[in-house]
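So the protein sequences, as listed, match chains A and B.
The opening residue of the first sequence carries number 10 in my numbering; numbering runs sequentially from there.
The opening residue of the second sequence carries number 13 in my numbering; numbering runs sequentially from there.
Think of the CB as a built atom: it goes at the ideal place given N, C-alpha and C, for glycine as much as any other residue.
Working notes, beginning with the structure itself.
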Amino acid sequence: GENVEQHPSTLSVQEGDSAVIKCTYSDSASNYFPWYKQELGKRPQLIIDIRSNVGEKKDQRIAVTLNKTAKHFSLHITETQPEDSAVYFCAATFGNEKLTFGTGTRLTIIP
Amino acid sequence: DSGVTQTPKHLITATGQRVTLRCSPRSGDLSVYWYQQSLDQGLQFLIQYYNGEERAKGNILERFSAQQFPDLHSELNLSSLELGDSALYFCASSDRAGNTGELFFGEGSRLTVL
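In structure tokens form, the structure reads like this:
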């Protein structure tokens with residue numbers, strides 16, 4: 010079935026440290042894996058995405074890695090800052106038609 | 013500003029009632045998606061329309077229906093409302109039919125059923 014599991018559900022890290030959020034997906038045919046950030050009371054916004062023909066992608070302090078064999082992908086945020094505090098959602102496409110989201114990770118950066 | 017407009021921003025109604033949520037996609041986007049976000053929950057995919065036609069369906073209840081009009085705006089109709097329907101309903105749009113590109117979300121319509 011179409012399932013995306015996301016861990017942890019909450020994460021607190023000291024400012025300046027790194028944060029890692031992990032997701033697994035069920036459909037080996039999934040080919041697109043975006044990450045969205047939702048600040049409190051705001052709309053979700055895309056921060057980075059990766060396609061199945063790539064193993065890693067970086068954008069400044071944010072990176073995503075994909076392991077197709079294990080069917081999991083991870084978000085890495087380095088040198089965390091207070092403005093990184095938000096809920097992060099991973100997602101995966103199923104059959105190129107449905108984008109299924111994980112249950113979210115509430116990240117809190119401790120000053 | 014994502015360019016996606018949703019109305020109303022807030023709506024309070026009673027159980028058993030019917031409401032309509034409206035969404036205008038970004039200029040040029042042909043796909044419209046509806047998502048439901050309950051308190052402390054993830055984003056549950058409801059339905060997608062592409063250029064006026066239903067493209068994909070998620071866990072949308074039979075009491076809910078949607079459509080996309082010729083001008084590409086979309087409406088989500090929720091009927092026989094129950095307390096559990098209280099949620100934030102997001103509309104998103106994209107420039108493609110398949111789910112392989114960025115979704116631009118509106119600010120959401122917060123529905124409270126009393």
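Among the options, the one whose alpha carbon lies nearest that of residue i
i, options, result
"residue 112(A)", "118(A), 120(A), 119(A), 101(A)", "101(A)"
"residue 48(A)", "96(A), 74(A), 114(A)", "96(A)"
"residue 53(A)", "118(A), 98(A), 115(A), 114(A)", "98(A)"
"residue 19(A)", "11(A), 13(A), 31(A)", "31(A)"
"residue 78(A)", "29(A), 117(A), 57(A), 40(A)", "40(A)"
"residue 63(A)", "16(A), 86(A), 117(A), 42(A)", "42(A)"
"residue 76(A)", "27(A), 38(A), 91(A)", "38(A)"
Chain B contact residues for residue i, given Cβ-Cβ distances below 9 angstroms
i, result
"residue 102(A)", "110, 111, 112"
Within 8 angstroms, strictly: CB atoms of residue i and residue j
i, j, result
"residue 14(B)", "residue 118(B)", "yes"
"residue 50(A)", "residue 89(A)", "no"
"residue 56(B)", "residue 47(B)", "yes"
"residue 28(B)", "residue 92(B)", "yes"
"residue 109(A)", "residue 11(A)", "yes"
Neighbourhood of residue i by C-beta, 8 angstroms cutoff - its chain only, sequence neighbours within 5 removed
i, result
"residue 115(B)", "45, 104, 105, 106"
Chain B within 8 angstroms of residue i, Cβ atoms only
i, result
"residue 82(A)", "no"
Interface partners of residue i on chain A, CB under 8 angstroms
i, result
"residue 76(B)", "Ordered by position in chain A, no residue passes the 8 angstroms Cβ test against residue 76(B), which lies about 16 angstroms from the chain."
"residue 14(B)", "52, 54"
CB contact below 8 angstroms: residue i versus chain A
i, result
"residue 86(B)", "no"
"residue 68(B)", "yes"
"residue 54(B)", "yes"
Chain-ordered neighbours of residue i on chain B, where CB pairs are closer than 8 angstroms
i, result
"residue 108(A)", "45, 57, 111, 115"
Same chain, Cβ closer than 6 angstroms to residue i, neighbours up to 5 away in sequence not counted
i, result
"residue 84(B)", "37"
Under 7 angstroms from the C-beta of residue i: neighbouring residues of chain A
i, result
"residue 119(B)", "52"
Same chain, Cβ closer than 7 angstroms to residue i, five either side skipped, listed in chain order
i, result
"residue 94(A)", "116, 117, 118"
"residue 98(B)", "123, 124, 125"
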